[in-house]
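Data first, discussion second: the structure below is written as structure tokens.
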Amino acid sequence: MRASQTRAGHGYVATAEAGMDALSLVSYLDLPTIASSLILANEDGSFSMLQADSFGRTPLSWAACGGSVSVAPLLLESGCDVNRCDKGGYDQNEDSQTPLFAAASNGRAETVKILLDAGADAKIADNSGQTPLLRAVFNQH
């Protein structure tokens, strides 16, 4: 099965082939009803909302990439750590980038506010010394 969706403004394409799970896909597409159902279905802990896909992105990082204003708060309320580290993507990856970098880099102002209100650290610099603000300016946002 292949599920693809491209959001205007950036080059990320979400595909099930890349190991993206259902929660990551609906987070990226900002589908809160489905996300809520998946989160509720996970009360037994059968999957981790912090699980990274083959890109190293968690549902929260996909929500930040897609500019989620509905699902990102659900993930944060469900225990996703806004500054969590993983192997890649935008949950503080090997370049030391957090979900805030993804939202700022893609001009997702509302999502940036949600992440900051949840305690995202805007002072974290990546391995190149850039902060989310510098990344946003660099990308003309």
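No gaps in the numbering here: position 26 of the sequence shown is 26 in full-length UniProt numbering, and each next residue is one more.
In this text, a Cβ means the ideal position worked out from N, Cα and C, and glycines have one as well.
The structure displayed is predicted, hence computed values, not measured ones.
Quiz prompt | Contact check, S36 vs L74, beta carbons under 9 Å | solution = Mapped onto the sequence shown, residue 36 falls at position 36. Mapped onto the sequence shown, residue 74 falls at position 74. Yes, the pair counts as a contact, with Cβ atoms nearer than the cut-off.
Quiz item: Shortest alpha-carbon distance to L100 belongs to which of D81, A64, L31 and A72?
Solution: By 1-based counting over the sequence shown, the position of residue 100 is 100. That would be A64, whose Cα lies nearest to the Cα of L100.
Self-check item: Limits of the alpha helix (DSSP H) - the one that E43 falls within
Solution: For the purposes of this step, residue 43 is identified with residue 43 of the sequence shown, where counting begins at 1. It is not in any alpha helix (DSSP H) - E43 carries neither H nor E in the DSSP assignment.
Quiz item: If we count the other Cβ atoms within 10 Å of its Cβ and call it buried at 16 or more, is N106 buried or exposed?
Solution: Position 106 of the sequence shown, counting from 1, holds the residue named residue 106. That one is buried.
Quiz item: Between the C-alpha atoms of G67 and R57, what's the straight-line distance to the nearest angstrom?
Solution: Here residue 67 is taken as the residue at index 67 of the sequence shown, counted from 1. Here residue 57 is taken as the residue at index 57 of the sequence shown, counted from 1. G67 and R57: Cα-Cα distance of roughly 15 Å.
Practice problem: For A102, collect the residues of the same chain with a Cβ closer than 7 Å to its Cβ; drop the 5 residues on either side in sequence, then sort them by chain order. | Solution: The count along the sequence shown starts at 1 and reaches residue 102 at position 102. Shown here for A102: same chain residues with a beta carbon closer than 7 Å to its own, the five before and five after excluded, namely S61, A64, C65 and Y90 in chain order.
Quiz item: Since S27 contacts V82 with CB under 8 Å, what's their CB separation in whole angstroms?
Solution: For the purposes of this step, residue 27 is identified with residue 27 of the sequence shown, where counting begins at 1. For the purposes of this step, residue 82 is identified with residue 82 of the sequence shown, where counting begins at 1. Between V82 and S27 the Cβ distance is about 14 Å, and since that is not below 8 Å, they are no contact.
Practice problem: Go ahead and pull the three-state DSSP assignment for A122. | Solution: Numbered from 1 along the sequence shown, position 122 holds the residue referred to as residue 122. A122 falls in the coil class under three-state DSSP.
Self-check item: Closest Cα partner of N42 within the set K113, A22 and D30
Solution: Taking the first residue of the sequence shown as position 1, residue 42 is located at position 42. With distances taken between Cα atoms, N42 lies closest to A22.
Quiz item: Do you know how far the Cα of D44 is from the Cα of R108?
Solution: Translated into positions along the sequence shown, residue 108 becomes position 108. Translated into positions along the sequence shown, residue 44 becomes position 44. When only Cα atoms are considered, R108 and D44 end up about 33 Å apart.
Quiz item: Comparing the CB of G119 with every heavy atom of the ligand ATP, is any distance shorter than 8 Å?
Solution: Ligands displayed in this structure: none; no statement on the ligand ATP is therefore possible.
Quiz item: Is it true that the CB of T111 sits closer than 9 Å to the CB of S137?
Solution: Sequence index remark: in the sequence shown, residue 137 carries index 137 (1-based). Sequence index remark: in the sequence shown, residue 111 carries index 111 (1-based). Per the sequence presented here, residue 137 reads as Val, with Ser not at that position. Cβ distance not < 9 Å, so V137 and T111 don't count as in contact.
Quiz item: Taking the continuous alpha helix (DSSP H) assigned at A109, which residues delimit it?
Solution: Your numbering for residue 109 matches position 109 in the sequence shown. A109 to D117 is the extent of the alpha helix (DSSP H) around A109.
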